[in-house]
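All you need for this note's numbering is the position in the sequence shown, starting with 1, plus 30.
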Amino acid sequence: MLVLGSGTSHGVPMIGCECSTCRSTDPRDRRSRASIYIQITDGPSVLVDTTPDLRMQALTYGLKRVDAIVYTHSHADHIMGLDEVRRFNVLQKSAIPCYGDERTLDDVRRTYAYIFHPDTPRGGGVPQIVTARVAGEFCVGPATFVPVPLMHGSRTILGYRIGSFAYLTDCSGIPDSSWPLLSGVRTLVLDALRERPHPTHLSVDQALSVVDQLRPERAFFTHMCHDLAHEETCARLPPGVQLAYDGLTFEIDL
Ligand SMILES: [Zn+2]
Ligand SMILES: [Zn+2]
Ligand SMILES: [Zn+2]
């Protein structure tokens, strides 16, 4: 499991900001937009979300395959890199299945109308994707993805549980019916935007109370804005809880 990006929609540093986090020389304070990459041993590789930073994420971490794309939701910071998957189509000589809920796939079809329009000139190539609506759990190779509905402001979006791991980005609350889906999670990646409350994201305190209830062995916060400097924030988090950072890797049990 590789964290490709751990930043909020603006990224960190933020354009035109001169705060200490945005000027930090700690590489963990440079956050591209939120995404993870799951490389299954001797199996397929799964990209969760296609951020506007996908090209640089792929170059930085040497990604050579994407066997499936899994979307959490259709906000711009999670879908605006879809055109970059053309390179994976060429390398793999195949279309890529693209999983998402109905609203996300509708938004992808509208935002990327040229991909789906038969008259689009094929000069530079268009992404070859096959959309697959998520309606319950699904498998990619040996991995079972369990969709976990989350509140993201007034909208319901999807987190995912894969074995003992859960990825819950862009989350302001967990509906009652989703808690049982998270029971027994040992590694958690969870939204924590900043200290102050926000209408569509968990604050650090709210994220810590989710961790308290789920009691995973380790939790990593993601989708942080520049309010949270890596080192000083990690110093005051409880044992087993850290901020994720771009390039963080760890093993998960499928
Ligand atoms: Zn986001
Ligand atoms: Zn800043
Ligand atoms: Zn969002």
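All C-beta atoms in this analysis are idealised placements derived from N, C-alpha and C, irrespective of residue type, glycine included.
The DSSP-derived three-state label of Ser65 is strand.
When distances are taken from the beta-carbon of Asp200 to the heavy atoms of ligand 3, the shortest one is below 7 angstroms. Here the alpha carbons of Ile282 and Ser194 stand approximately 7 angstroms from one another. If you draw a straight line from the Cα of Ile99 to the Cα of Ser75, it comes to about 9 angstroms. In the structure shown, Phe250 falls within a strand segment according to DSSP collapsed to helix, strand and coil.
In this structure, Glu114 is the residue among Glu114, Asp200, Leu180 and Thr71 with its C-alpha nearest to the C-alpha of Gln158. With respect to the 8 angstroms criterion, Tyr67 and Leu93 are classified as neighbours on the basis of their beta carbons.
Boundaries of the alpha helix (DSSP H) harbouring Tyr91: Leu84 to Tyr91, taken from the DSSP string.
In the three-state reduction of the DSSP assignment, Cys264 falls in the helix class.
Non-local beta-carbon contacts of Glu225 in its own chain, meaning distances under 8 angstroms to residues more than five positions away in sequence, involve Ser233, Val234, Asp235, Asp257 and Leu258 in chain order. In the displayed model, Tyr142 falls within coil according to three-state DSSP, outside both helix and strand.
Counting along the chain, Phe195 sits inside the beta strand (DSSP E) bounded by residues Phe195 to Leu198.
Rounded to whole angstroms, the gap between the alpha carbons of Ser239 and Ile192 is 22 angstroms. DSSP, reduced to helix, strand and coil, places Val241 within a helical segment of the structure shown.
Sequence-distant Cβ neighbours of Met86 in its own chain, meaning closer than 8 angstroms and more than five residues away, are Ser62.
Contact between Val138 and Leu180 is absent: CB atoms are separated by about 19 angstroms, not below the 8 angstroms threshold. For Leu180, the enclosing beta strand (DSSP E) begins and ends at Ala173 to His182.
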